[in-house]
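Encoded structure:
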């Protein structure tokens, strides 16, 4: 296998939905031309990779995850030419692009499914899973508890039941069919040829399952097949798996260099929020220790929030309740019985100290950091919108009409902007925060810059530094340099002694902190409420006599 460029281990990823980022033509819907006009903003922020949510032709009943055509751009968002121009402009600014590969299911409006319904003898009939009788005891529950109550639905035209793990309008593809696997190759090859640097594999943990509970191992070879194709057709493209579950389940997605390049670290994400809720750094330590091992070419993707719910289903029941009580005390803040449909800033009540603490944790954890569009300015949510749309409101650029997202006047926006409360666009927007030296946006630029300057945080050997104070989370990451980071999850001032900071042959720089602290003496560190301190260490150079000066001095003495 060719040597790969491990760019993804040094990346800072920014997740955005084209339709909610920037409208260029006044129709109320974001588009690729609008996104191109905002690329300089992302480059200045320090972003090195953009993750695009689905932009394919769609009935748009599930935020674009109900795909009608895998080989085109939804006409509302632009054309293939606009997409190609976007890729070129992003690359010129040093940014890569990864896109969603949504192949667990299609829309029921996809031509494959329409033909499968009409013609029992069509080759597309076997692109999906059918049953003449409705299974009495389905192997799995629906992915969206409450929105659906079964994974089998009757199709009147086909006169049969079809399998769908998600919404009824999203029939599952049948991966036992080699023709379906060929289609996945064609889809990946098409977008690779247009310049994308990889794919976020949607619902990968469901992708490997069948409708039979005892055959959940069956489709791991599908992932290996996808990996082989990607490696064969690109030197540096990646597969990023969205896969949740207990450690023994998610660990299977890393198998040497045969399956995924990257994975969302849901387990660690849940424990970070448990730590924030309990104000105990020990919860993060627990999450890190639970994280399955990976090899050198693999990487975890760390995040706080993205466009889906905050999923806490793999925490203990009492731990789930602690998180819900802290961050979703009202019923309309919860979703699917397992998650929270809020953005980070309102979850933390806009508390700047806690926001900085949370993002300091994110950017210092071992792995690659990802932020959701608008996180850099502390955007809020709109709980009046249904399900997960609450966290998918338009980007807030300024305090003008429609938050600067669109100049549309007589048409409805794709989603309403937030125009009331503490997180309204009049109070929270890019232009305002660019003017304020101490704004969250400018702070985020600094932490992103520091993260990129410290490659050991993404790719170094990580060690949890145990302390007797459960309020603290302390860890180190080491490559050529060693960085030690101390976080105080509590509202109290804490003190700790760290043996690693006593080393006399090391030079210590405090490169980032929540306050102006005195440098540690004899390893003693003080840290304020919800504080963070980043120390970067490197060995002092050995002082050796200059050979030429020594020789000259000796000669002169002899004379």
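In my numbering, the protein residues as written are 452 to 1010.
For glycine and all other residues, C-beta sits at the position ideal for the given N, C-alpha and C.
Let's see if you can read the secondary structure: which residues bound the alpha helix (DSSP H) around residue 1012?
The displayed coordinates of the chain run from 452 to 1010. Any statement about residue 1012 would go beyond what the structure contains.
Rounded C-alpha distance that separates residue 703 from residue 714:
11 Å
Note down the Cα distance separating residue 791 from residue 693, rounded to an integer number of angstroms.
18 Å
Between 885, 961 and 657, which has its C-alpha nearest residue 700's C-alpha?
657
Drop a sphere of 10 angstroms on the beta-carbon of residue 440, count the other beta-carbons inside from all chains shown, and report buried for 16 or more, exposed for fewer.
Within the shown structure, residues of the chain are numbered from 452 to 1010, placing residue 440 beyond reach of any answer.
What residues in its chain sit with their C-beta under 6 Å from that of residue 664, if we drop five residues either side in the sequence?
Low confidence applies here, because residue 664 scores a pLDDT of 43, under 50, leaving its location unreliable; read the following figure in that light. Here the set comprises 590.
Drop a sphere of 10 angstroms on the beta-carbon of residue 827, count the other beta-carbons inside from all chains shown, and report buried for 16 or more, exposed for fewer.
buried
Label residue 493 either buried or exposed according to how many other C-beta atoms from any shown protein chain fall within 10 Å of its C-beta, with 16 as the threshold for buried.
buried
Determine the direct distance from the alpha carbon of residue 949 to that of residue 836, and round the result to whole angstroms.
48 Å
Under a three-way DSSP split, which group does residue 562 fall into?
helix
Beta-carbon within less than 8 Å of residue 684's beta-carbon, same chain only, minus the 5 sequence neighbours each way: which residues are those?
639, 640 and 643
Does the region 919 to 932 come into contact with the region 884 to 903, if we say contact requires no fewer than three beta-carbon pairs (one atom in each stretch) closer than 8 Å?
no
Mapping DSSP to helix, strand and coil, what is residue 465?
strand
Whole-Å CB distance - residue 648 paired with residue 547, under 8 Å assumed
Yes, they are in contact, since the Cβ atoms of residue 648 and residue 547 sit about 4 Å apart, within 8 Å.
What number of angstroms, rounded off, separates the C-alpha of residue 469 from the C-alpha of residue 904?
29 Å
So, residue 461 versus residue 509, is the Cβ gap smaller than 9 Å?
no
The region 514 to 527 touching the region 569 to 588, judged by at least three CB pairs closer than 8 Å
no
Leaving out five residues on either side along the sequence, give the residues of the same chain with a beta carbon under 7 Å from the beta carbon of residue 474.
Same-chain partners within the cutoff: 480, 481, 482, 485, 856, 857 and 859.
Looking only at its own chain, which residues have a Cβ that is under 8 Å from the Cβ of residue 742, when we skip the five neighbours before and after it?
Result list for residue 742: 698, 716, 718, 719 and 751, in chain order.
Have a look at 906, 549, 977 and 960 and flag the residue whose alpha-carbon is nearest the alpha-carbon of residue 931.
906
DSSP three-state call for residue 737: helix, strand or coil?
helix
Using DSSP with H/G/I as helix, E/B as strand and the rest coil, what is residue 640?
helix
To the nearest angstrom, how far is the alpha carbon of residue 667 from that of residue 625?
For residue 667, the pLDDT reaches just 48, beneath the cut-off of 50, and the residue's location in the model is therefore unreliable, although a value from the coordinates is still provided. So the alpha carbons of these two residues sit roughly 14 Å apart.
Applying the criterion that 16 or more other CB atoms from any shown protein chain within 10 Å of the CB defines a buried residue, is residue 770 buried or exposed?
buried
Of the residues 937, 848 and 890, which one's Cα is nearest the Cα of residue 975?
937
Measuring only the C-alpha atoms, how far is residue 970 from residue 940?
21 Å
Distance CB(residue 558)-CB(residue 517) smaller than 9 Å
The Cβ atoms of residue 558 and residue 517 sit closer than 9 Å to each other.
Just to confirm the assignment, what range does the beta strand (DSSP E) spanning residue 720 have?
First-last for residue 720: 717 to 729, but that is the alpha helix (DSSP H), not the beta strand (DSSP E).
Have a look at 676, 650 and 645 and flag the residue whose alpha-carbon is nearest the alpha-carbon of residue 659.
676
Are the CB atoms of residue 921 and residue 781 nearer to each other than 9 Å?
no
Run of the alpha helix (DSSP H) containing residue 834, from where it starts to where it stops:
That residue, residue 834, is in no alpha helix (DSSP H); it is neither H nor E in DSSP.
Residues in its own chain within less than 6 Å of residue 552 by CB, not counting five upstream and five downstream?
650 and 652
Classify residue 487 as helix, strand or coil using the three-state DSSP reduction.
helix
So the beta strand (DSSP E) residue 859 belongs to, where does it begin and stop?
Residue 859 -> no beta strand (DSSP E), and no H or E assigned at all.
Going by DSSP in three states, residue 664 sits in which element: helix, strand or coil?
Legend: pLDDT at residue 664 = 43, less than 50; position of this residue unreliable, value from coordinates given subsequently. Three-state result, residue 664: helix.
Just verifying my parser: in three-state terms, what is the DSSP assignment at residue 475?
coil
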